[in-house]
Structure formats: C-alpha cells, structure tokens
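Numbering-wise (this note's numbering), the sequence shown opens with residue 283 and increments by one.
Ideal Cβ placement from N, Cα and C applies to all residues, glycine included.
It should be emphasised that the depicted structure is a prediction, and the values quoted were computed from it without experimental measurement.
Structure first, then comments.
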Amino acid sequence: MQKPLRLAAVAAACAVAGAALYGAGAATAGQSTANSTHEPYNIGLLVKDIDTYYGTAADAAGVYQASPTSPYAKDLASIDKAARKYIDQAARKAVHKGEKPAVVFDIDDTLLLSLDYEKRYNYTYNSATWAAYVNKADRPAVFGSPELVRYAEEKGVEVFYNSGLAEAQRSAAVENLKKVGADINLDADHMFLKNAAAPPSYLSGCATPGTWTCTTVQYKSGTRKHIERDLGYEIIANFGDQYSDLDGGYADRTYKLPNPTYYVG
Ligand SMILES: [Mg+2]
283 MQKPLRLAAV AAACAVAGAA LYGAGAATAG QSTANSTHEP YNIGLLVKDI DTYYGTAADA
343 AGVYQASPTS PYAKDLASID KAARKYIDQA ARKAVHKGEK PAVVFDIDDT LLLSLDYEKR
403 YNYTYNSATW AAYVNKADRP AVFGSPELVR YAEEKGVEVF YNSGLAEAQR SAAVENLKKV
463 GADINLDADH MFLKNAAAPP SYLSGCATPG TWTCTTVQYK SGTRKHIERD LGYEIIANFG
523 DQYSDLDGGY ADRTYKLPNP TYYVG
C-alpha cells in the first residue's frame, strides 16, 4: 500500500490549516472569535459515523467485523448489482467485436476488508503493523467482491488484480484471496503487485530498479495500459476503493467502492 493518509494525519493537517485561518481572521477582524473559518467535522463524531456505517462490532475472537446488514453492505450490494448487469452486457459486446474483455480489481478494501486494522489502530497507519496484519492472510472479504470476481470469470471475462501491495506480500495476498473465495487467476501473470526492486519496463517512466517514484495513479494506470496495449485485453471495468485506483484511464467503466477509513492519493 502506498502511504495512506489516515485519520491522525488528516487531523494534524486540519489543525494546522485551522490555526492559520483563525490567526488571519482574528488579526484582520479584531475579534476574539473567528467568524470566517470552516470548522472541520468533529473527529470523534466521524469515528462514530464510520462505526455506524460499517455496523462495526467485535466478534467472539475480538476481531472487528462489518455487519452484512449495514449501510456499507447495502451500498456494496447496489454497486455489485449494477456491475453484474454491466459486465454481462459489456462482455457480450466485446466478444462480438472480437475483443478480449477483462476486469481489474484492486485488492485492499476492494476484495479484502481491513476494517479490523483500521478500527484497532484508530485509523492510523504504521508500515510495520500493517505488514504484520497483511501477512496474517486472515482478512474477511469485502461483501460480494469475491462473488463478483467469479461472476466475471463465468461470463468469460479475464480477471486481473492491480494492487499497491508489495511483491513480498504476494503469498499472503494469494492465500487470503483463496480463503475468501476469490480463487481466480491468482498467478503472477494476472496479479500485479508493486515490485520496487525490479519494476517492469512498462513503468520505466517512473520506476527503475531500486528507484520508485511512481504515484499510485501512474503505477495503476500504467499497469492497465500494459494489460490493454501489451496483453491485448479490453478492460471493461475497473474496481477500487480509492479514486487513485480508478483515475488515469484504460478502463471503459470504473466502480468506486466505499471506504471512508483512509485516503490514498
Ligand atoms: Mg484499495
């Protein structure tokens, strides 16, 4: 994962911006209270909103789980329903035109839900705890996503994975995806992970061996370009929980899955 901006970082940035605005307002207006600032949404209330959205509750093992009847689950169900209808139609059209249809899925919080990690660490990010969490290979599915992967496969659509997870995390990702029932095309020709030590030549514009400067959009859109231009597929749909999974083209349609718990630019 590319350094996500979680809550602590957001709070710090807001505090700095707020202080600067307050200072300016107070100096020009000569008032003891600012009247021209926009107070950010309260962070404690935001956490409660997120809990409500996911229906977050600890299970018997103390693992935070999302509820299958939560607003989050309902949002996913409506996205999945629309995506199935579209995939069915787009796959037929593509085959009719002699194209090879493909779909692309992000992994973190598109297929594997990290809610337990986010809640446990109060929506902050730490590379060591994150790596340990991913390596447990025990994340639950994002509701409906493994079924959507299998649906695309059944419709004759080639499934690819496009993830910011590192090469070192490949075996854990494969194990976890198998565990949640997304057991389709989990080979290195279909699962693209971030290989900073030996980046592929199609990323040479922003990555050379040992030097990685690709933004998430450059990496992910560059990978989709490779799938279309070099491998000859037509990406009919691209699924991700971050806009940086979806920006940059090389997909006929994009599907943004909900994730209010962190931001990856
Ligand atoms: Mg993601």
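The beta strand (DSSP E) spanning residue i covers which residue range?
i: Lys461; result: From DSSP, Lys461 is part of no beta strand (DSSP E) but of the alpha helix (DSSP H) over 452 to 461.
i: Asn444; result: 440 to 448
Expressed to the nearest angstrom, what Euclidean distance is found between the alpha-carbon atoms of residue i and residue j?
i: Ala339; j: Leu430; result: 25 Å
i: Asp341; j: Val499; result: 36 Å
i: Ala309; j: Ser360; result: A caution first: Ala309 carries a pLDDT of 39, below 50, which makes its placement in the model too unreliable to give a value.
i: Ser351; j: Gly337; result: Residue 351 is actually Thr in this sequence, not Ser. Cα to Cα, Thr351 sits roughly 8 Å from Gly337.
i: Glu449; j: Phe387; result: 17 Å
i: Thr334; j: Pro540; result: 14 Å
i: Gly530; j: Lys363; result: 25 Å
i: Tyr545; j: Leu397; result: 14 Å
i: Ser526; j: Met473; result: 18 Å
i: Thr409; j: Glu400; result: According to the sequence shown, residue 409 is Ser rather than Thr. Their Cα atoms are separated by approximately 13 Å.
i: Ala365; j: Ser318; result: 43 Å
i: Tyr443; j: Ile466; result: 10 Å
i: Tyr532; j: Arg511; result: 9 Å
i: Asp471; j: Lys418; result: 24 Å
i: Tyr501; j: Leu485; result: 7 Å
i: Thr536; j: Leu528; result: 6 Å
i: Tyr323; j: Ala355; result: 24 Å
i: Asp534; j: Glu321; result: 39 Å
i: Thr490; j: Ala455; result: 24 Å
i: Gln451; j: Gly426; result: 23 Å
i: Ala434; j: Ile369; result: 7 Å
i: Ala564; j: Thr497; result: Examination of residue 564 is not possible in this model, given that the chain is present from 283 through 547 alone.
i: Thr578; j: Pro482; result: Examination of residue 578 is not possible in this model, given that the chain is present from 283 through 547 alone.
i: Leu447; j: Leu475; result: 6 Å
i: Asp357; j: Ala348; result: 13 Å
i: Gly305; j: Ile325; result: For Gly305, the predicted model reports a pLDDT of 36, less than 50, meaning its position is unreliable; a value from the coordinates is still stated below. If I take the Cα positions, the gap works out to 22 Å.
i: Gly344; j: Arg506; result: 38 Å
i: Phe521; j: His378; result: 24 Å
i: Gly492; j: Thr392; result: 28 Å
i: Ala519; j: Tyr346; result: 30 Å
i: Asp390; j: Pro428; result: 13 Å
i: Ser453; j: Leu395; result: 17 Å
i: Ala413; j: Cys488; result: 24 Å
i: Asn404; j: Ser503; result: 31 Å
i: Lys367; j: Trp494; result: 38 Å
Provide the residue span of the alpha helix (DSSP H) that contains residue i, from first to last.
i: Glu381; result: Looking at the DSSP string, Glu381 is not in any alpha helix (DSSP H), and its letter there is neither H nor E.
i: Ala414; result: 409 to 417
i: Leu397; result: 397 to 402
Can you name the residues that DSSP bridges to residue i?
i: Ile517; result: Ala384
i: Lys538; result: Gly522
i: Phe425; result: According to DSSP, Phe425 bridges with nothing at all.
i: Lys476; result: Ala448
i: Ala339; result: Gln347
i: Leu394; result: Asp390, Ala423
i: Ala489; result: Trp494
Does the Cβ of residue i lie closer than 7 Å to at least one heavy atom of ligand 2?
i: Gln451; result: What this structure holds is ligand 1, not ligand 2.
(message) Taking contact to mean 3 or more Cβ pairs, one atom from each stretch, closer than 8 Å, check whether the stretch 407 to 424 and the stretch 462 to 478 are in contact.
(response) yes
(request) Please determine if the stretch 438 to 452 and the stretch 373 to 387 are in contact, where contact requires at least 3 C-beta pairs separated by less than 8 Å. (result) yes
(request) Spell out a yes or no on whether the stretch 499 to 519 and the stretch 381 to 398 are touching, meaning 3 or more CB-CB pairs, one atom from each, closer than 8 Å. (result) yes
(request) Specify whether the stretch 317 to 334 and the stretch 525 to 540 touch according to this definition: at least 3 beta carbon pairs, one from each stretch, less than 8 Å apart. (result) no
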